[in-house]
Structure formats: C-alpha cells, structure tokens
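Read the structure below first, then the notes.
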Amino acid sequence: MAKNNLPAVTKDTNCLNCGFQFRGDEIFCSNCGQKNKGKRITFKSFVREVFAGFFSWDAKFWKTLLPLLFKPGKVSKDYINGKRSTYSNPFRFYLTTSVLFFLLIGLNNTIKEYRVLSSTETKEESIFEQTSDSIKKQISLKDNSGLFNVGVNNLEDSIKKGIEDGAKASKNQKLDSLKNPSDFDSLIKFNIRNPNISTDKALDSLGIEKNFTNRLKYSKAKTFASIVSGTGVKSFLNNIVSKISVALFILLPIFALFFKFIYIRRKYTYVEHLIFIFHTQTVFFLIFSFYVIFEIIWHKKIEANGSTIMTVLLLFFMLYLFIAMKRFYKQGFFKTAVKYILANISFFMLSTLGISVLTVIIFILN
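Have a look at this one:
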C-alpha cells in the first residue's frame, strides 16, 4: 500500500522484464524483482538509479575493505561460511581493485613524465637565457666590427659540411659489417643505424626479397633494435605492465590448484581456495594502490624514501599473507610456515614463467 493507505500506483499491467501479470498493486515484480515504473526513462530516474547503485555498492565496499585489510583471513572465512550478503563478491572486488591499481600506475607515470618535461624545459630555458646573455655581453664588449657574425657563419658552414661528409661515409660503409644481410643480427644492426627507414626500403637496401616472412622478420628486428638502443624500452615495458592484470587473472586460478594440492588433506573446495587467493591478491593491490596515491600527492617525500617504504609495505604483505593462511586454514605455526614457503616459491616460479611468456607474446605481436 502507498502512503495515506491509498493503493500503489502502478505503471503497467505486466512486468516489462519477464512478462509476469500484476494484480494491480505491485510496486515490484514478485517473479524477477524489477520495479514497476513504466517504459519511460527520465533523466531524474536514471541519475537516481546510478547513484543508488553506487552507494549500495559503496556500503558493501567499506564493509569488505576494512576487515579485509586489518583482519587477515576473516572475510574469506566468513564468505565460505555463508555470510555473503555483507561482503562484496570476491571476484568483483578483485577486478575492481586491480583495474584501479593499474589505472593509478598509468596516471602516476603520466604525472612523472609531465614533471620531468616541466623541469627539463625550465632548465633548458634557464641555460639558453644564461648563454644568450653571456654571448650578448661578449659581443658588446669584445666585438664592434662584425667579425663575430662572420665567425658564426663560418662555423655553420663547417658543421654542415661535416654532417654531409659523415652521411656520405655512413652511406658507403653501412653494409660493410653485415656478413649476411638476412640474418636477424644483421637486420638489428641495420635498423639501429637506420631507425627511421621503412620496412620495404630497408629490405631493398639489404637486397632481400620483399615477402611476408622477411617483412615480419624485419619488423621484429626493428622492435628488438629499439629495445637494444634504449628508444623503445619504456613503451615495451609499459605494454607488459598493462597486460600483467590479464596475466594474473589467468595465473591465479592455476595458483589455486597448487593450494588445493598443498592443502589436500583439508576439506576445502577448489573455489574456496580461489576465494582466499582473490582476497589476498586484492590486499596486495590495495596496499600498493595506497603507495601510488601517496606518491602522486607527496612525490618528493616518497621519492626520497621510496625504497624503504616499498620494503616495509612488502614485509607487511608477507606477514599479512602468513597470518591469513594460518587463520583461514586453521593449522599450526610450523605447518603454516612450511606451506607458506612452498606457496611463495611456487608463486614466484609461476609468475616468472607467466611474465616470460607474456614478454615473448608481446614481442611477437608488437
């Protein structure tokens, strides 16, 4: 019943979602739960739904976040014991924090680049101004006959001539050290010397047939040359970092199989192991997300003590993981310590293998 004991005003006779027939006084469909409010979507109703969903999620978020951070193993234990309406879904929570973590890393890198560019521009302007003032003073004090301008012109001519001579010498000798132009090593050397040349022109210069295989081979040599020369290292590493979240998403279910093996005598299902791993990995992302946020806000203080803070946070997470394993699996200190060491070794090996495979895939597809 609506307010003042009047019957609720319904918009439709049937649910627009599932087709269930209303009796005439339903505000919500008893079959699927959708609100009976008609087809028309107003801006006001749309905004209300957006924020209602956000604040509903936000309440669960805080109820999950605080005990997850400060009570290792509790949220995982409560969740598998049936207390699920209180907490956010482990997978959804992990996905949200991982996306947030990598977005923050990208934002932090962009801000760092901006700061470097800003400081470089300031330094360049300062040096230019100082040099310009110095030259002006020297000209005004020492040169009243126009000889300075003649000297500058002669210097420019000498520089141009030197560049032209160097280009001719480079052109004549560019293939001298390439024993076999089709070798991958030779292609890399050629690209380092000629970084801006197109693939087809490069193959023409090397006298190699322009087919799919040779074009692919040269493109990979070009990628490798950019890494060797240092010009493409940053973009290549950024590409790897951007894909780590996907790699972890694949690796964590595999890691759960290892937990199933080391806790084979404990009656936990595979999914319960996976929930525990999602929760602990979420804590890792949360801890280092806070670090990135602090670095963005107080970058000077963080940069001065970055390695120390990072070490402390890593030790905190390692301790957190040990306590979480002990409480969740309910085993003694010694058994937990042994399995903790085995788990860390296996995760290190698995992540190393995963990153190696990811690097090769990105190199091939790049």
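If you count the sequence shown from 1, you need to add 10 to reach this note's numbering.
Beta carbons: idealized from backbone N, C-alpha and C, even for Gly.
Quantities reported herein were computed from a predicted structural model and do not represent experimental measurements.
Backbone CA spacing between residue i and residue j [nearest angstrom]
i	j	result
phenylalanine 358	lysine 340	24 Å
serine 229	methionine 328	42 Å
isoleucine 371	asparagine 201	22 Å
asparagine 382	lysine 70	Outside the shown range of the chain (11 to 376) lies residue 382, about which nothing can therefore be said.
valine 126	serine 108	27 Å
serine 317	tryptophan 72	30 Å
threonine 369	serine 208	25 Å
isoleucine 307	phenylalanine 294	20 Å
lysine 277	isoleucine 254	32 Å
alanine 12	glutamate 36	Bear in mind that a pLDDT of 43 at alanine 12, under 50, signals an unreliable position, so the model cannot answer this.
threonine 321	asparagine 315	10 Å
glycine 156	serine 128	With a pLDDT of 43 at glycine 156, under the threshold of 50, the modelled position of that residue is not reliable, and no figure is offered here.
glycine 342	phenylalanine 332	11 Å
phenylalanine 101	phenylalanine 259	10 Å
leucine 122	leucine 113	A small correction: the amino acid at residue 122 is lysine; leucine does not occupy that position in the sequence shown. About 14 Å.
Residues near residue i in its chain [Cβ-Cβ closer than 6 Å; skip 5 each side]
i	result
glutamine 31	Asn24
alanine 235	Ile198, Asn201, Ile202
arginine 225	Thr209
glycine 364	Ala257, Leu261
threonine 96	Lys73
asparagine 27	Cys42, Gln44
Test item: CB-CB of residue i and residue j under 8 Å
i	j	result
phenylalanine 288	serine 356	no
valine 302	isoleucine 115	yes
From the options, residue whose alpha carbon lies closest to that of residue i
i	options	result
isoleucine 272	Leu352, Lys45, Ser128, Arg225	Leu352
alanine 257	Ser361, Ile121, Glu36	Ser361
alanine 334	Lys87, Leu105, Asn41	Lys87
asparagine 206	Thr223, Lys232, Gly217, Asn221	Lys232
arginine 337	Cys39, Lys81, Arg33, Leu76	Lys81
lysine 270	Lys84, Lys349, Arg33	Lys349
Cut-off 7 Å between Cβ atoms - residues of its own chain near residue i, not counting five sequence neighbours on either side
i	result
phenylalanine 386	Here the chain has residues from 11 to 376 only, and residue 386 is not among them.
alanine 266	Tyr280, His283, Leu284, Ile287
isoleucine 312	Phe304, Glu305, Ile319
asparagine 118	Val302, Glu305, Ile306
Cβ-heavy atom distance, residue i to the ligand GDP, below 7 Å
i	result
lysine 199	As presented, the structure is devoid of all ligands, the ligand GDP included, so that no description of it is given.
Sheet register partners of residue i (DSSP bridge)
i	result
lysine 45	Phe38
glutamine 31	Asn24
Own chain partners of residue i with C-beta closer than 8 Å, once the 5 adjacent residues on each side are dropped
i	result
phenylalanine 298	Phe111, Leu323
phenylalanine 326	Ile297
Residue-level contact to chain B via CB, residue i, 8 Å cutoff
i	result
serine 366	Among the chains in the structure shown there is no chain B, since it carries only a single protein chain.
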